[in-house]
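Numbering (the numbering used here), first residue to last: 1 to 291.
Written below as structure tokens is the structure these notes are about.
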Amino acid sequence: HPATKLILEKLKIVIVPMLNPDGAERFQRRTAQAIDMNRDALSFETPEARLLKEVRDRYQPQFGFNLHDQDPRYTVGNTNKVSTIALLAPAFDDARSDNHIRIAAKQVAAVFASAMQEFIPGHVSKYDDSFEPRAFGDNIQRWGTSTVLVESGGWPNDREKMFIRKLNYAGLLASLFSIAAGSHTQAPLAVYDRLPFGTKYLYDVVLRGTRLKAAETVTPVKVDVGINIDESVNASTGAVELVGTIVDIGDLSIYGAFRDIPMNGTLLRSEEVRMDQKLSMAELELLIPKE
């Protein structure tokens with residue numbers, strides 16, 4: 001294909017498939033040394049941080065893409081639309097200044113965002129651009145590589161993010177082609193600058209309009225119940241299981257959900273629903289009224 005041919009002719013691409021395999025295996029952010037390596041770009045205590053710095057210094061790349069997994073419950077601004085892709089041209093100082101390095105990153109981020117509008121219009125946000133002096137993205141920008149952070153958030157019925165992986169491919173292909181062709185310099189910065197920041201206005205499940213009786217002597221009240229579902233490793237079997245946690249009870253009318261369940265006034269008791277309660281998927285289904 002002409003696009004891939006141009007990319008291969010014009011660009012040298014270096015790929016680091018995974019920086020923290022130990023943490024990924026354990027479903028945790030921190031490394032085997034219990035350190036968040038993305039806050040280790042100043043002291044370089046972890047071998048992973050030293051490796052990444054060595055790769056950056058060896059190749060001196062003009063552009064870099066920082067690919068992350070994001071909590072799937074972020075939304076685009078104050079909407080109930082899930083943020084499927086969040087982009088950021090990281091700041092390199094507290095003032096969030098612009099120089100030619102960061103401007104180039106914003107232009108490439110604009111290309112990526114424009115490519116996403118064809119597939120997920122309204123589901124692209126901007127990641128928090130506060131300067132974090134220990135983070136790699138901010139420092140790689142400061143060291144002279146135009147860096148774009150790509151956060152892969154959520155999409156309905158895509159827990160393994162298979163659709164979002166395809167979006168990453170499409171966005172990276174468009175971005176690399178624009179760099180190879182030099183067309184990224186024509187990308188309007190406004191496309192990036194106007195992206196809404198991501199916020200958290202989403203739960204995995206909301207039981208909408210239930211009646212909760214907190215105690216025998218208390219009158220039932222109408223509430224919504226917010227539940228998030230996470231993967232957990234069973235300590236006994238080593239199997240990965242889905243576990244729900246009740247994270248909020250009350251008026252959740254401003255929040256959306258991947259699964260929004262009308263309860264139609266179904267009565268639940270405090271022994272069934274309480275804050276921070278853990279639920280298996282079978283226990284969650286028992287709370288839902290049968291049609």
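By construction, the Cβ of each residue, glycine as well, lies at the ideal position given by its N, Cα and C atoms.
Would you grab the beta carbon distance between R56 and W143 for me? Rounded to a whole angstrom, and I think it's under 8 Å. Contact annotation, R56 with W143: C-beta distance approximately 7 Å; criterion of less than 8 Å satisfied.
Entirely enclosed beta strand (DSSP E) segments - the region 114–177, minimum 3 residues: Taken in chain order, the unbroken stretches of beta strand (DSSP E) that lie wholly in the region 114–177 and span 3 residues or more are 124–126 and 146–152.
Below 7 Å between beta carbons: does that hold for V206 and A257? Yes. Within cutoff.
7 Å Cβ cutoff met for V111 and S175: For V111 and S175, yes; Cβs fall inside 7 Å.
For my contact list, S146 and F65 are in at a C-beta cut-off of 8 Å; report their separation, rounded to the angstrom. Not really, about 10 Å apart at Cβ, beyond 8 Å.
Could you please give me the residues that DSSP links to A86 through a beta bridge? According to DSSP, A86 bridges with S125 and E151.
Between which two residues does the alpha helix (DSSP H) carrying E48 extend? P47 to Y59 is the extent of the alpha helix (DSSP H) around E48.
Distance, Cα to Cα, K278 vs V247? Rounded to the nearest angstrom, the two C-alpha atoms are 10 Å apart.
Around the C-beta of N228, are 16 or more other C-beta atoms found within 10 angstroms, so that it is buried, or is it exposed? In this structure N228 is buried. Its beta-carbon is surrounded by 16 or more other beta-carbon atoms within 10 angstroms.
Is the beta carbon of L149 sitting closer than 7 Å to the one on L202? No, they are not a contact pair.
Taking Cβ positions, are D138 and P90 nearer each other than 7 Å? Yes; because the gap between Cβ atoms is below 7 Å, this pair is in contact.
According to the Cβ coordinates, are A181 and A115 closer than 7 Å? Not closer than 7 Å, so no.
Where does Q33 land, buried or exposed, given buried means 16+ other C-beta within 10 angstroms? With fewer than 16 other Cβ atoms within 10 Å, it is exposed.
For G265 versus R194, is the C-beta spacing smaller than 7 Å? Taking 7 Å as the Cβ cut-off, G265 and R194 do not qualify as a contacting pair.
What's the gap between the Cα of K5 and the Cα of S183? Answer to the nearest angstrom: the Cα atoms are 16 Å apart.
Report the partner residues of Y201 according to the DSSP bridge assignment. Looking at the DSSP output, Y201 bridges to nothing.
Give me the Cβ distance between G209 and P262, rounded to the nearest whole Å; I'm assuming they're in contact under 8 Å. 6 Å between Cβ atoms; contact.
Neighbour-count burial assignment, G244, 16 or more Cβ in a 10 Å radius: The Cβ neighbour count for G244, taken over all protein chains shown within 10 Å, is at least 16; the residue is labelled buried.
Pull up the DSSP beta-bridge partners for T75, would you. Answer is V82 and T199, bridged to T75.
Below-7 Å beta-carbon distance, R96 vs any chain C residue: Among the chains in the structure shown there is no chain C, since it carries only a single protein chain.
Within the continuous alpha helix (DSSP H) that includes P21, where are the two ends? The continuous alpha helix (DSSP H) containing P21 extends over residues P21 to E25.
Can you check DSSP and say which residues form a bridge with P320? Shown here, the chain extends from 1 to 291; a query on residue 320 therefore has no answer.
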